[in-house]
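S.K.: Per the numbering used here, the sequence shown starts with residue 381, numbered consecutively.
Using N, Cα and C, we set each Cβ at its ideal position, and we do this for glycine too.
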Amino acid sequence: MIEPKPTITAEALALCRDHPLAEDTGFLIQLSESLARLHPTAPLSERLAILNKTTAEHAERADADAVAKARAESAKAERERIAAILRSPEANGRMATAMALALDGDTPADAAIAALKAAPKSSALDAWSQQPAPAEPPAVAGPRTLDGEGLLTPDGSFVTVAAEPAPVKAAGSGAKALWRKAIAEVNQKAKAG
């Protein structure tokens, strides 16, 4: 079914002759449709009430449209500002600074780009130095062997621990060889048990 084309009635034109929206076609069509729903014998007070209600609705819709349009334009301008900063040649080598200027404030693009020109470029060494420190290896708990060269873990396994070299003892001392033998025996028992 084809809907009839909206029309502006003579009654609507007469009612809003000195009205501020008398030139607004959308308003006149809305007023004409609202008046058509009234009973033909409705008094002037009801017709004026319809005019006031239609004016308020039209103004509210116009305000909502204006706000939506302003939001869309603002979002587009913000995206363009961010893109201009991040895509500028001055951002090369200064990306952390560029991202801070683009995303963490409302600095205009030309001012942010000027600031980027003055900012030092970061080097590969800077990027490397900003990396988090490697995690410490987990400590292995357990009784140590007497020379500190190994650990017995709680599950009974043996872990070798790098230790600083022991000072060299005088030749002819068999104590070191005895200690190694004793440690090997303890470790052997730990592995077997």
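Measuring only the C-alpha atoms, how far is L558 from A564?
M.R.: Each residue's alpha carbon lies about 10 Å from the other.
S.K.: Counting C-beta neighbours from all protein chains within 10 Å, is the total for A392 16 or more, i.e. buried, or is it exposed?
M.R.: Per the 10 Å Cβ criterion, buried.
S.K.: Along the chain, where does the alpha helix (DSSP H) containing S414 start, and where does it finish?
M.R.: Element bounds for S414: T405 to A416.
S.K.: Looking only at its own chain, which residues have a Cβ that is under 7 Å from the Cβ of A499, when we skip the five neighbours before and after it?
M.R.: R474 and T477, listed in sequence order.
S.K.: Less than 8 Å separating the beta-carbons of L481 and A463?
M.R.: Cβ atoms of L481 and A463: not closer than 8 Å.
S.K.: Determine the contact status of C396 and L411, defining contact as a CB-CB distance below 8 Å.
M.R.: Cβ atoms of C396 and L411: closer than 8 Å.
S.K.: Rounded to whole angstroms, how far is the Cβ of A489 from the Cβ of I465, which I believe are closer than 8 Å?
M.R.: Confirmed, Cβ separation roughly 5 Å.
S.K.: Of the choices L415, E460 and N472, whose alpha-carbon is the least far from that of L483?
M.R.: Nearest C-alpha to L483: E460.
S.K.: Report the rounded CA-to-CA distance for I409 versus A457, giving the unit in angstroms.
M.R.: Going by the C-alpha atoms only, they are around 35 Å apart.
S.K.: Note down, in chain order, each residue of its chain lying with its Cβ closer than 7 Å to the Cβ of A471, except the 5 sequence neighbours on either side.
M.R.: Counting only Cβ-Cβ distances below 7 Å, and skipping sequence neighbours, we find I465, A478 and L496.
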